[in-house]
Amino acid sequence: MKKLKLIDLWIVIPFVILLGIGIVMVYSASFYNNMVNGGSTTQYLVKQALYATVGLVFCFFVYMLKVNVLKSRGVLLLLGFVTWASLFVLVVKGLVNPASKINGASAWINLGVINFQPLELAKLVFVLYLALILSNKQDRLMDLRFTDLVKDNLAQIFFLGTVIAMVIVQPDIGGAMILTIISLVLISASTIPSKIIITLDGSLIAILAAVMTFLFTVRPSFFVNSYQYQRFLAMAHPFELERKAGAQIVNSYYAISNGGIFGVGLGNSIQKRGYLPEPHTDFILAIISEELGIVGVIIVLGLLAVIVFRILLVGLRSKNRYMSLVLYGIATMLMTQIFLNVGGLLGYIPLTGVTLPFISYGGSSMIVLSIALGIALNLEATNKFDSEKLR
C-alpha cells in the first residue's frame, strides 16, 4: 500500500482525463456513420470505454509489480516471442492473401474481441530490449568495443532487426519510423562510447537504406503503385487529389477551419458526416478541432505534453541507467506517435495511420500505451523508494 502513496499524479491525472476525452470524442466522431450504416450508435463508445477500463487495470497491475519482474528473462522472452510470431503471421498472411490487406497493409490479427496490432507491442518490446542491451555491464561500458557489444547481444540484435524488417514488409512505413526513432534515441542516450554510438546509429540507418533500396529494385510496385505512394502524393498535392488520395487531408483542413477557436459544439461536426472516413481513428484530432476548436486541441496536446515531459524529467533524475533508458524510450514512443499523427493531419508528413495516444479508437494502442505508463510510474516509484531508503 505504501507504493500507492508514491504514484505520480502529474502522469495519472492527465492520463485519466485523456481517457475520458477519448471516450466522449470517439462516440461523437462515430455516431453519424454508425447511424447511417444501421449499426448501434454506441458500439464504438462501449468498446472504447472497455479498452480504457482494461488499460487502467493493466496500468495499475504493472505499477504494482516489482521492477525485477519487468526485466526478467522470462517476461522479455514471452513478449519477444509474441511480437515476433504475430508479425511473422502477418507477413505470411499478406504474401499468401494480398486481398486481406487493409489500406495497403497487413497489420491486424482478428482475435474476436479485439483486432490485435502487433506493431503496438513491438514498440514497447523495442524499448525494453534496447534498454537492457545498452545498460548491461555498466562497469565496463567506457572500455566496450563495438564488436563486443554485438557479440554479447547477437540474438537480441537479430530479433530487433527482423522485427523492423517484417514491419517494413507489411508494409507499415510509419511503424518502421517509430521503431527506428526509438532505437536512435536510446542508442544516443546511452553511456556507451561516442564512437560506438555513431557506429550503431550509422549502421542502423545504412541497413534501413539498403532494405528500402533492395525492395525498390526487386519490387518497384512496393513504392510506385502502392497505397503508401499515394499518401506521399496526397501530402504534396492534397487539393489536386481532393477527390482521391488527398480527400482525408483536405477534409481535415476544412474541419480545422470550420472549428475556429472555440469550435461548433460537441456533436456538431460536418466533416464526420461521410467526408472523413473513419473519423474516430487517425483523424479524431480534426473532429476535436471542429467541435471544440483550437482550444480543445491545445488542451488535448497540452495534457499529452505534460505526460511526455514528466516521464523525461523522471528519466533525467534517475541514477539507474536501465530505468532512465526505459523512461526515455516510453517518452520517445509517445512523442513520435503524437508527431506522426498531428503531422499527417496537417499534411506536413505522409499519412501513416498512427493513432493519437489515449484518444483515437483502438484497443491494441490503448492497452499497450497504458502498460507503458504503468511501467513509467513503477520505475518512478521505485526511484523514490530507493531514495527514501538512502536518507
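Per the working numbering, the very first residue in the sequence shown carries number 251; after that it's consecutive.
Glycine is no exception: its CB is placed at the ideal position from the N, C-alpha and C atoms.
For clarity, every value in this text was computed on a predicted model and none was experimentally measured.
Counted within 10 angstroms of its Cβ, other Cβ atoms place residue i as buried (16 or more) or exposed
i           : result
residue 507 : exposed
residue 494 : exposed
residue 463 : exposed
residue 518 : exposed
residue 389 : A caution first: residue 389 carries a pLDDT of 46, below 50, which makes its placement in the model unreliable, though a value can still be read off. Burial call: exposed.
residue 502 : buried
residue 628 : buried
residue 294 : buried
residue 297 : buried
residue 456 : exposed
residue 538 : buried
residue 448 : exposed
residue 590 : buried
residue 384 : buried
residue 373 : buried
One or two residues paired with residue i in a DSSP bridge
i           : result
residue 360 : 365
Where the alpha helix (DSSP H) containing residue i begins and where it ends
i           : result
residue 297 : 293-314
residue 406 : 404-419
residue 284 : 259-286
residue 430 : 423-439
residue 320 : 317-320
Residue i: CB within 6 Å of a non-hydrogen atom of the ligand NAD
i           : result
residue 297 : Of ligands this structure carries none, so the ligand NAD is not represented either.
Check whether residue i and residue j have beta carbons under 7 Å apart
i           : j           : result
residue 567 : residue 261 : no
residue 542 : residue 533 : no
residue 581 : residue 550 : no
residue 409 : residue 330 : yes
residue 577 : residue 564 : yes
residue 366 : residue 617 : no
residue 319 : residue 625 : no
residue 269 : residue 608 : yes
residue 631 : residue 256 : yes
residue 600 : residue 489 : no
residue 427 : residue 337 : no
residue 434 : residue 376 : no
residue 554 : residue 595 : no
residue 620 : residue 370 : no
Fill in: Complete alpha helix (DSSP H) runs within the region 487-572 (minimum length 4 residues, chain order)
497-509 and 534-567
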